[in-house]
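In the working numbering, the protein residues as written are 4 to 272.
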(Lines of atoms letter the chains of each structure in order from A; the text may use other names.)
(Lines give C-alpha, C1' and ligand atoms only; values in the text may rest on other atoms or scores of the structure.)
Protein backbone atom coordinates (compact mmCIF):
# COMPACT_ATOMS: atom_id res chain seq x y z
CA UNK A 4 0.00 0.00 0.00
CA UNK A 5 1.37 3.32 -1.01
CA UNK A 6 1.93 6.13 1.51
CA UNK A 7 -0.79 8.48 0.16
CA UNK A 8 -3.39 5.72 0.27
CA UNK A 9 -2.55 4.73 3.86
CA UNK A 10 -2.68 8.42 4.92
CA UNK A 11 -6.14 8.79 3.35
CA UNK A 12 -7.48 5.73 5.20
CA UNK A 13 -6.05 7.09 8.51
CA UNK A 14 -7.80 10.48 8.27
CA UNK A 15 -11.06 8.85 7.15
CA UNK A 16 -11.03 6.58 10.20
CA UNK A 17 -10.30 9.44 12.64
CA UNK A 18 -13.02 11.67 11.17
CA UNK A 19 -15.57 8.89 11.46
CA UNK A 20 -14.67 8.35 15.11
CA UNK A 21 -15.17 12.09 15.89
CA UNK A 22 -18.58 12.28 14.19
CA UNK A 23 -20.05 9.20 15.81
CA UNK A 24 -21.30 9.79 19.37
CA UNK A 25 -19.61 7.87 22.10
CA UNK A 26 -21.66 5.36 24.11
CA UNK A 27 -21.42 7.59 27.23
CA UNK A 28 -22.80 10.63 25.41
CA UNK A 29 -26.15 9.10 24.36
CA UNK A 30 -27.90 10.36 27.53
CA UNK A 31 -26.60 13.90 27.04
CA UNK A 32 -27.76 14.02 23.44
CA UNK A 33 -31.21 12.78 24.47
CA UNK A 34 -31.61 15.54 27.08
CA UNK A 35 -30.43 18.16 24.61
CA UNK A 36 -32.96 17.05 21.99
CA UNK A 37 -35.83 17.32 24.53
CA UNK A 38 -34.73 20.75 25.87
CA UNK A 39 -34.30 22.35 22.45
CA UNK A 40 -38.05 22.75 21.67
CA UNK A 41 -38.72 24.26 25.13
CA UNK A 42 -35.92 26.80 24.67
CA UNK A 43 -37.25 27.79 21.25
CA UNK A 44 -40.78 28.22 22.68
CA UNK A 45 -39.52 30.47 25.53
CA UNK A 46 -37.58 32.62 23.07
CA UNK A 47 -40.69 33.04 20.94
CA UNK A 48 -42.81 34.07 23.95
CA UNK A 49 -40.23 36.61 25.10
CA UNK A 50 -40.06 38.06 21.62
CA UNK A 51 -43.82 38.50 21.49
CA UNK A 52 -43.81 40.21 24.92
CA UNK A 53 -41.10 42.60 23.78
CA UNK A 54 -43.06 43.59 20.69
CA UNK A 55 -46.20 44.13 22.78
CA UNK A 56 -44.30 46.30 25.29
CA UNK A 57 -42.99 48.53 22.50
CA UNK A 58 -46.49 49.12 21.17
CA UNK A 59 -47.97 49.79 24.64
CA UNK A 60 -45.25 52.12 25.86
CA UNK A 61 -46.64 55.25 24.26
CA UNK A 62 -50.12 54.56 25.69
CA UNK A 63 -48.75 54.13 29.22
CA UNK A 64 -46.84 57.41 29.16
CA UNK A 65 -49.79 59.32 27.73
CA UNK A 66 -52.05 58.05 30.52
CA UNK A 67 -49.48 58.99 33.14
CA UNK A 68 -49.52 62.50 31.79
CA UNK A 69 -53.29 62.73 32.05
CA UNK A 70 -53.53 62.01 35.79
CA UNK A 71 -51.24 61.56 38.78
CA UNK A 72 -53.79 59.43 40.64
CA UNK A 73 -52.67 55.90 41.47
CA UNK A 74 -56.02 54.95 42.92
CA UNK A 75 -59.54 56.01 42.06
CA UNK A 76 -61.84 56.31 45.08
CA UNK A 77 -65.24 54.66 45.04
CA UNK A 78 -68.40 56.66 45.91
CA UNK A 79 -68.56 54.97 49.33
CA UNK A 80 -64.96 55.95 50.07
CA UNK A 81 -65.62 59.52 48.96
CA UNK A 82 -68.51 59.73 51.42
CA UNK A 83 -66.30 58.36 54.20
CA UNK A 84 -63.62 60.94 53.43
CA UNK A 85 -66.17 63.76 53.71
CA UNK A 86 -67.32 62.55 57.14
CA UNK A 87 -63.75 62.00 58.39
CA UNK A 88 -62.51 65.49 57.53
CA UNK A 89 -61.78 67.49 60.67
CA UNK A 90 -61.45 64.53 63.03
CA UNK A 91 -58.25 64.33 65.15
CA UNK A 92 -55.36 63.30 62.93
CA UNK A 93 -57.33 63.87 59.69
CA UNK A 94 -56.34 66.94 57.62
CA UNK A 95 -58.96 69.56 56.88
CA UNK A 96 -58.89 68.73 53.16
CA UNK A 97 -58.42 65.17 51.98
CA UNK A 98 -56.23 64.63 48.93
CA UNK A 99 -57.97 63.32 45.85
CA UNK A 100 -56.66 62.84 42.34
CA UNK A 101 -54.45 65.89 42.34
CA UNK A 102 -51.29 67.04 44.00
CA UNK A 103 -51.57 70.16 46.16
CA UNK A 104 -48.57 72.43 45.59
CA UNK A 105 -46.46 73.07 48.63
CA UNK A 106 -47.11 76.50 50.10
CA UNK A 107 -44.22 78.90 50.28
CA UNK A 108 -42.70 79.08 53.77
CA UNK A 109 -43.85 82.01 55.82
CA UNK A 110 -41.37 84.58 56.93
CA UNK A 111 -40.01 84.04 60.42
CA UNK A 112 -41.90 85.96 63.06
CA UNK A 113 -40.11 88.97 64.43
CA UNK A 114 -38.18 88.22 67.59
CA UNK A 115 -39.57 90.01 70.60
CA UNK A 116 -37.30 92.76 71.85
CA UNK A 117 -37.37 94.89 74.95
CA UNK A 118 -39.15 98.25 74.87
CA UNK A 119 -37.06 100.83 76.71
CA UNK A 120 -38.70 103.45 78.90
CA UNK A 121 -42.14 101.88 78.60
CA UNK A 122 -44.83 103.98 80.26
CA UNK A 123 -45.47 101.37 82.95
CA UNK A 124 -41.80 100.58 83.59
CA UNK A 125 -39.49 102.98 85.37
CA UNK A 126 -37.11 105.26 83.50
CA UNK A 127 -34.14 102.91 83.85
CA UNK A 128 -36.19 99.78 83.07
CA UNK A 129 -37.28 98.12 79.85
CA UNK A 130 -40.36 96.05 79.06
CA UNK A 131 -39.65 92.49 77.88
CA UNK A 132 -41.94 89.43 77.67
CA UNK A 133 -44.52 90.96 80.00
CA UNK A 134 -42.15 92.16 82.74
CA UNK A 135 -39.99 95.15 83.59
CA UNK A 136 -36.22 94.54 83.65
CA UNK A 137 -33.34 96.82 84.39
CA UNK A 138 -31.95 98.21 81.13
CA UNK A 139 -29.26 96.07 79.52
CA UNK A 140 -27.39 99.27 78.74
CA UNK A 141 -27.18 100.02 82.47
CA UNK A 142 -26.32 96.43 83.41
CA UNK A 143 -23.46 96.23 80.88
CA UNK A 144 -22.27 99.87 81.03
CA UNK A 145 -23.39 100.37 77.45
CA UNK A 146 -21.53 97.39 75.95
CA UNK A 147 -24.63 95.27 75.31
CA UNK A 148 -27.64 97.61 75.12
CA UNK A 149 -30.18 95.17 73.57
CA UNK A 150 -32.07 92.61 75.65
CA UNK A 151 -32.72 89.35 73.79
CA UNK A 152 -33.79 87.09 76.69
CA UNK A 153 -34.33 87.39 80.46
CA UNK A 154 -30.63 86.71 81.12
CA UNK A 155 -29.03 87.74 77.82
CA UNK A 156 -27.98 91.08 76.39
CA UNK A 157 -26.39 91.70 72.98
CA UNK A 158 -24.59 94.51 71.19
CA UNK A 159 -26.31 94.44 67.78
CA UNK A 160 -29.11 92.82 65.80
CA UNK A 161 -29.66 90.00 65.08
CA UNK A 162 -28.85 88.67 68.52
CA UNK A 163 -27.84 85.22 67.25
CA UNK A 164 -24.05 85.06 67.15
CA UNK A 165 -22.10 84.12 70.30
CA UNK A 166 -19.66 86.95 69.68
CA UNK A 167 -22.46 89.51 70.05
CA UNK A 168 -24.12 87.97 73.15
CA UNK A 169 -23.44 88.32 76.86
CA UNK A 170 -25.11 85.93 79.30
CA UNK A 171 -25.30 86.42 83.06
CA UNK A 172 -27.13 84.36 85.66
CA UNK A 173 -28.29 80.75 85.27
CA UNK A 174 -31.80 81.56 86.48
CA UNK A 175 -34.23 84.43 86.32
CA UNK A 176 -33.93 86.90 89.23
CA UNK A 177 -30.14 86.60 88.83
CA UNK A 178 -27.57 88.25 86.61
CA UNK A 179 -29.27 90.28 83.91
CA UNK A 180 -32.72 88.92 84.81
CA UNK A 181 -33.50 91.55 87.49
CA UNK A 182 -35.33 94.82 87.98
CA UNK A 183 -33.67 98.09 88.93
CA UNK A 184 -33.56 97.04 92.59
CA UNK A 185 -31.77 93.78 91.84
CA UNK A 186 -34.90 91.76 92.57
CA UNK A 187 -36.98 89.56 90.28
CA UNK A 188 -38.45 91.24 87.19
CA UNK A 189 -41.75 92.86 88.01
CA UNK A 190 -45.07 93.29 86.30
CA UNK A 191 -45.46 96.62 84.53
CA UNK A 192 -47.30 99.40 86.28
CA UNK A 193 -46.69 102.31 88.66
CA UNK A 194 -47.18 102.92 92.36
CA UNK A 195 -48.69 105.94 94.05
CA UNK A 196 -46.42 108.88 94.79
CA UNK A 197 -45.89 107.93 98.46
CA UNK A 198 -45.19 104.27 97.70
CA UNK A 199 -42.21 102.18 96.66
CA UNK A 200 -42.04 99.03 94.58
CA UNK A 201 -40.69 95.86 96.20
CA UNK A 202 -40.82 92.41 94.57
CA UNK A 203 -43.52 93.60 92.19
CA UNK A 204 -45.78 95.01 94.95
CA UNK A 205 -46.39 98.61 95.99
CA UNK A 206 -45.75 99.44 99.69
CA UNK A 207 -45.67 102.69 101.60
CA UNK A 208 -42.10 103.99 101.59
CA UNK A 209 -39.94 102.78 104.48
CA UNK A 210 -38.45 106.27 104.65
CA UNK A 211 -41.92 107.61 105.55
CA UNK A 212 -42.79 104.75 107.92
CA UNK A 213 -39.54 104.98 109.93
CA UNK A 214 -39.22 108.75 109.98
CA UNK A 215 -38.58 109.72 113.59
CA UNK A 216 -38.43 106.07 114.60
CA UNK A 217 -36.76 105.41 117.96
CA UNK A 218 -34.35 102.94 116.40
CA UNK A 219 -33.29 105.39 113.74
CA UNK A 220 -34.46 105.90 110.20
CA UNK A 221 -34.60 102.76 108.04
CA UNK A 222 -35.30 104.06 104.50
CA UNK A 223 -34.63 100.83 102.58
CA UNK A 224 -37.22 98.09 102.34
CA UNK A 225 -35.92 94.56 102.98
CA UNK A 226 -39.25 92.69 103.03
CA UNK A 227 -43.01 93.13 103.42
CA UNK A 228 -42.61 93.94 107.14
CA UNK A 229 -38.93 94.87 107.20
CA UNK A 230 -37.09 98.15 106.73
CA UNK A 231 -33.30 98.47 106.78
CA UNK A 232 -30.77 101.24 107.31
CA UNK A 233 -28.56 100.04 104.43
CA UNK A 234 -29.23 99.25 100.79
CA UNK A 235 -30.17 95.65 99.97
CA UNK A 236 -29.12 93.01 100.42
CA UNK A 237 -29.60 93.71 104.10
CA UNK A 238 -28.19 90.74 106.04
CA UNK A 239 -27.23 92.46 109.29
CA UNK A 240 -30.12 91.94 111.71
CA UNK A 241 -29.01 94.95 113.74
CA UNK A 242 -29.78 97.19 110.75
CA UNK A 243 -33.32 95.83 110.34
CA UNK A 244 -36.56 96.93 111.98
CA UNK A 245 -39.80 94.99 111.69
CA UNK A 246 -43.31 95.95 112.67
CA UNK A 247 -46.84 94.60 112.16
CA UNK A 248 -48.22 91.75 110.09
CA UNK A 249 -50.48 91.58 107.06
CA UNK A 250 -51.77 95.04 106.11
CA UNK A 251 -50.43 96.55 109.36
CA UNK A 252 -47.16 98.07 110.53
CA UNK A 253 -44.69 98.30 107.66
CA UNK A 254 -46.79 95.95 105.46
CA UNK A 255 -49.17 98.66 104.20
CA UNK A 256 -49.94 100.67 101.10
CA UNK A 257 -49.69 104.40 100.76
CA UNK A 258 -53.36 104.95 101.64
CA UNK A 259 -54.16 106.97 98.54
CA UNK A 260 -56.86 105.83 96.11
CA UNK A 261 -58.04 103.28 98.65
CA UNK A 262 -54.64 101.56 98.81
CA UNK A 263 -54.51 100.86 102.52
CA UNK A 264 -52.88 97.46 101.90
CA UNK A 265 -50.02 96.62 99.52
CA UNK A 266 -51.15 96.25 95.90
CA UNK A 267 -49.93 95.46 92.45
CA UNK A 268 -48.68 98.31 90.28
CA UNK A 269 -51.36 100.17 88.33
CA UNK A 270 -51.37 99.91 84.55
CA UNK A 271 -51.68 103.39 83.07
CA UNK A 272 -51.92 102.66 79.35
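Glycine included, each C-beta is placed from N, C-alpha and C at the ideal position.
Bear in mind that the values here come from a model prediction, so they are computed numbers and not experimental data.
Determine the extent of the alpha helix (DSSP H) in which residue i is found, giving its start and end residues.
| i | result |
| --- | --- |
| residue 210 | 209 to 212 |
| residue 141 | 139 to 142 |
Measure how close the beta-carbons of residue i and residue j come, nearest whole angstrom, since I'm counting them as under 8 Å.
| i | j | result |
| --- | --- | --- |
| residue 179 | residue 154 | 5 Å |
| residue 257 | residue 214 | With 8 Å as the limit, residue 257 and residue 214 do not qualify as a contact, their Cβ atoms being about 14 Å apart. |
| residue 168 | residue 162 | 6 Å |
| residue 195 | residue 209 | Not quite, the Cβ-Cβ distance comes to about 15 Å (not below 8 Å), so this is no contact. |
| residue 190 | residue 268 | 6 Å |
When DSSP builds the beta bridges, which residues end up paired with residue i?
| i | result |
| --- | --- |
| residue 238 | None; residue 238 has no bridge partner. |
| residue 131 | 134 |
| residue 205 | 200, 266 |
| residue 229 | 226, 245 |
| residue 193 | 269 |
| residue 152 | 155 |
Starting from residue i and walking both ways along the beta strand (DSSP E), at which residues does that stretch end?
| i | result |
| --- | --- |
| residue 168 | 168 to 170 |
| residue 183 | Residue 183 -> no beta strand (DSSP E), and no H or E assigned at all. |
| residue 146 | Residue 146 -> no beta strand (DSSP E), and no H or E assigned at all. |
| residue 155 | 155 to 157 |
Take the Cβ of residue i as the centre, count every other Cβ of all protein chains shown within 10 Å, and call the residue buried at 16 or more, exposed below.
| i | result |
| --- | --- |
| residue 136 | buried |
| residue 192 | buried |
| residue 221 | buried |
| residue 149 | buried |
| residue 201 | buried |
| residue 43 | exposed |
| residue 160 | exposed |
| residue 110 | A caution first: residue 110 carries a pLDDT of 38, below 50, which makes its placement in the model too unreliable to give a value. |
Can you confirm whether residue i, when its beta carbon is compared against all beta carbons of chain C, has any partner nearer than 8 Å?
| i | result |
| --- | --- |
| residue 193 | Although the question refers to chain C, the structure presented lacks it and comprises just one protein chain. |
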